[in-house]
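K.L.:
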């Protein structure tokens with residue numbers, strides 16, 4: 218099961234997804250709210266945290282989560298604060314009951330990854346794309362619009378069986394998610 222623990226939060230936070238099953242894992246931890254209490258409403262503990270990228274709104278609660286659950290953190294770049302284990306392009310990680318492949322998708326931030334499970338049809342897109350054709354900002358440090366476009370193209374190439382995606386901000390998409398990704402690609406390509 219996948220739950221967005223940041224749902225209803227009004228501060229500057231990302232979504233934070235609790236994926237339960239064989240391994241209970243948080244995909245991103247958000248910022249500025251008591252996520253540890255929210256986790257404990259559903260499970261006794263978690264096995265790991267996997268980060269889509271290390272912008273503050275996605276990792277602000279990381280110290281609290283580490284202290285509460287004593288877990289390791291997986292992300293693309295172990296040079297980033299709080300990242301214990303490298304998760305590079307093509308690596309597999311278990312979230313809940315399914316294996317997910319890490320897809321390195323820079324453009325919004327250099328250490329950005331998406332996580333895709335062909336078996337379940339679930340895709341975590343972080344801040345690469347959003348519902349209704351939105352896409353991640355490229356005006357911050359490490360942002361690059363052309364690289365983002367290439368990452369979205371790569372995502373489309375690698376996620377044929379996607380049935381739903383969960384984004385770093387805004388709603389999840391459970392109805393024809395490829396259409397929203399294609400719209401994001403078209404929008405990101407404009408202005409080049």
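In my numbering, the protein residues as written are 218 to 409. Each residue gets a CB set at the ideal place from its N, CA and C atoms; glycine is no exception. Every value quoted in this text rests on a predicted model; they were computed, and no experiment measured them.
Looking at the unbroken beta strand (DSSP E) that takes in residue 250, where does it start and where does it end?
P.N.:
Here residue 250 belongs to no beta strand (DSSP E), and DSSP marks it neither H nor E.
K.L.:
Write down the C-beta distance between residue 327 and residue 371 rounded to the nearest angstrom, noting that I regard them as a contact closer than 8 angstroms.
P.N.:
With a Cβ gap of about 15 angstroms, residue 327 and residue 371 do not count as contacting.
K.L.:
Following the continuous alpha helix (DSSP H) through residue 263, name the residue where it begins and the one where it ends.
P.N.:
Premise fails: residue 263 is in no alpha helix (DSSP H) and is neither H nor E.
K.L.:
Indicate the three-state DSSP secondary structure (helix, strand or coil) for residue 354 in the structure shown.
P.N.:
In this structure, residue 354 counts as coil in the three-state DSSP scheme.
K.L.:
How is residue 290 classed by DSSP in three states: helix, strand or coil?
P.N.:
Three-state result, residue 290: strand.
K.L.:
List the residues that DSSP assigns as beta-bridge partners of residue 332.
P.N.:
According to DSSP, residue 332 bridges with 319, 341.
K.L.:
Helix or strand or just coil, what does DSSP make of residue 384?
P.N.:
It is a strand residue.
K.L.:
In angstroms with no decimal places, state the Cα-to-Cα distance between residue 350 and residue 240.
P.N.:
Distance between the alpha carbons of residue 350 and residue 240: 31 angstroms.
K.L.:
How about residue 244 and residue 236: do their beta carbons lie closer than 8 angstroms?
P.N.:
Cβ atoms of residue 244 and residue 236: closer than 8 angstroms.
K.L.:
For the alpha helix (DSSP H) that residue 400 lies in, which residues bound it at each end?
P.N.:
That run of the alpha helix (DSSP H) goes 394-406.
K.L.:
Between which two residues does the alpha helix (DSSP H) carrying residue 363 extend?
P.N.:
Looking at the DSSP string, the run of the alpha helix (DSSP H) that includes residue 363 is 362-375.
K.L.:
For residue 272, which of helix, strand or coil comes out of DSSP?
P.N.:
The answer is coil: DSSP assigns residue 272 none of H, G, I, E or B.
K.L.:
Would you call residue 302 buried or exposed, if buried means 16 or more other Cβ atoms sit within 10 Å of its Cβ?
P.N.:
Exposed, by the Cβ-count rule.
K.L.:
Rounded to the nearest angstrom, what separates residue 341 and residue 331 at their Cα positions?
P.N.:
Rounded to whole angstroms, residue 341 to residue 331 spans 5 angstroms at the Cα level.
K.L.:
Can you tell which of 286, 247, 272 has the C-alpha that lies nearest to the C-alpha of residue 261?
P.N.:
Ranking 286, 247, 272 by Cα distance to residue 261 puts 286 first.
K.L.:
Consult DSSP for residue 258 and reduce its assignment to one of helix, strand or coil.
P.N.:
The answer is coil: DSSP assigns residue 258 none of H, G, I, E or B.
K.L.:
Buried or exposed: which applies to residue 394, given that a residue is buried once 16 or more other Cβ atoms fall within 10 Å of its Cβ?
P.N.:
Classification for residue 394: buried.
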